[in-house]
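Everything on this sheet refers to the single structure shown next.
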Amino acid sequence: MGLILYKITAVLLAPLILITAGCGASVGHPDARSLQTPEPIKLDWQEVQATLRPEAWAGLPAEAKVISEQHLEAFGEIQLTFFTKPGDEDYVYAALESSGGHYNLGPAGTYNYRSPGSIIADVPDLFNGAALKITGGLGANLSLSSYYTIDESGTPAGVLQVSTGHTREADVDGDGIPEVVSAHGTPMTAYVYRWHNGHAEEAFLNDVLQADSVMLRDDLVYEASNVGESEAREYRLTPEGVIPVLYSETLYAE
Numbered sequence: 001m002g003l004i005l006y007k008i009t010a011v012l013l014a015p016l017i018l019i020t021a022g023c024g025a026s027v028g029h030p031d032a033r034s035l036q037t038p039e040p041i042k043l044d045w046q047e048v049q050a051t052l053r054p055e056a057w058a059g060l061p062a063e064a065k066v067i068s069e070q071h072l073e074a075f076g077e078i079q080l081t082f083f084t085k086p087g088d089e090d091y092v093y094a095a096l097e098s099s100g101g102h103y104n105l106g107p108a109g110t111y112n113y114r115s116p117g118s119i120i121a122d123v124p125d126l127f128n129g130a131a132l133k134i135t136g137g138l139g140a141n142l143s144l145s146s147y148y149t150i151d152e153s154g155t156p157a158g159v160l161q162v163s164t165g166h167t168r169e170a171d172v173d174g175d176g177i178p179e180v181v182s183a184h185g186t187p188m189t190a191y192v193y194r195w196h197n198g199h200a201e202e203a204f205l206n207d208v209l210q211a212d213s214v215m216l217r218d219d220l221v222y223e224a225s226n227v228g229e230s231e232a233r234e235y236r237l238t239p240e241g242v243i244p245v246l247y248s249e250t251l252y253a254e
């Protein structure tokens, strides 16, 4: 009789032992650290042709109409004048006065956006130092951003002009150097600009991520999605390329 009870007890306890053992395993929930990190998706960097060529000149044309002026204490103090030219209904132009003299910086925006509040200048950190940034209007949801450096003698040089959307400067790849990022439209397009081997380069993130819409969040995570999708894919940009957020957090944790 005792032998029979022993066998019955063993049979009843066996499933419980298996269930208890299974509870200790992480079946279906792998640790992110145990996942094999994929190769970063390489960006297709393309050189941006230089279009900004400041020219020294005597000053504004006699019949120029001044839209607004802005004084900045950066670069040893500079004065910017935004103006239109007689007979020219295409653009608003920018002029610079610095310790080096007077310079024509070229178009700052389109003629339709010529109110004083439509053109602004500031001095963000960009690439390897401070830059003069002039932002003017191109359309209802599109801006023209022009970046210049100004050396110790007060001489300006063009760095980059962006017409692919609204811009801001951020270290999106985590290398300690701010890049330029732009966004435009619905679905949203996203570009990133860097300085490489003495020139500016751009990459179009929608193509890289094969997505209809790509948006950069405030936490510098890119959300990529296609029309009709209910959830967006999350990515971070690194110096080597783009990787999913899951893997990027694992790398940063290490």
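Counting with the numbering used here, you get residues 1 to 254 for the letters of the sequence shown.
Where a beta carbon is used, it is the ideal one built from N, C-alpha and C, also for glycine.
Closest by C-alpha distance to residue i, when choosing among the options
i, options, result
"residue 103", "63, 115 and 154", "154"
"residue 215", "198, 167, 195 and 156", "167"
"residue 193", "186, 221 and 205", "205"
"residue 142", "235, 177 and 184", "184"
"residue 242", "225, 221 and 231", "221"
"residue 42", "246, 240 and 244", "240"
"residue 150", "126, 144 and 170", "126"
"residue 130", "58, 177 and 112", "177"
"residue 171", "94, 111, 238 and 59", "238"
"residue 68", "106, 228, 218 and 95", "95"
"residue 175", "118, 162, 236 and 106", "236"
Where residue i falls, given that 16 or more other Cβ within 10 Å makes a residue buried
i, result
"residue 115", "exposed"
"residue 197", "exposed"
"residue 165", "buried"
"residue 66", "exposed"
"residue 39", "exposed"
"residue 190", "buried"
Spatial neighbours of residue i in its chain, beta-carbon cut-off 8 Å, leaving aside the 5 residues before and after
i, result
"residue 28", "Low local confidence applies: a pLDDT of 37 at residue 28 is under 50, so the model's placement there is unreliable, and no value is given."
Nearest-angstrom Cβ-Cβ length linking residue i and residue j, presumed shorter than 8 Å
i, j, result
"residue 45", "residue 223", "No, residue 45 and residue 223 are not in contact; Cβ-Cβ is about 22 Å, not under 8 Å."
"residue 148", "residue 158", "6 Å"
"residue 180", "residue 209", "Not a contact, Cβ separation roughly 19 Å."
"residue 52", "residue 146", "6 Å"
Nonlocal neighbours in the same chain, by C-beta distance under 7 Å from residue i, ignoring five residues either side
i, result
"residue 122", "133"
"residue 25", "Because the pLDDT of residue 25 is 37, which lies under 50, any placement of that residue in the model is unreliable, and the question is left without a value."
"residue 97", "78 and 79"
Cβ-heavy atom distance, residue i to the ligand SAH, below 6 Å
i, result
"residue 123", "Ligands displayed in this structure: none; no statement on the ligand SAH is therefore possible."
Boundaries (first-last residue) of the beta strand (DSSP E) holding residue i
i, result
"residue 80", "78 to 84"
"residue 171", "That residue, residue 171, is in no beta strand (DSSP E); it is neither H nor E in DSSP."
Delimiting residues of the alpha helix (DSSP H) encompassing residue i
i, result
"residue 104", "Run containing residue 104: none in the alpha helix (DSSP H); it sits in the beta strand (DSSP E), 101 to 110."
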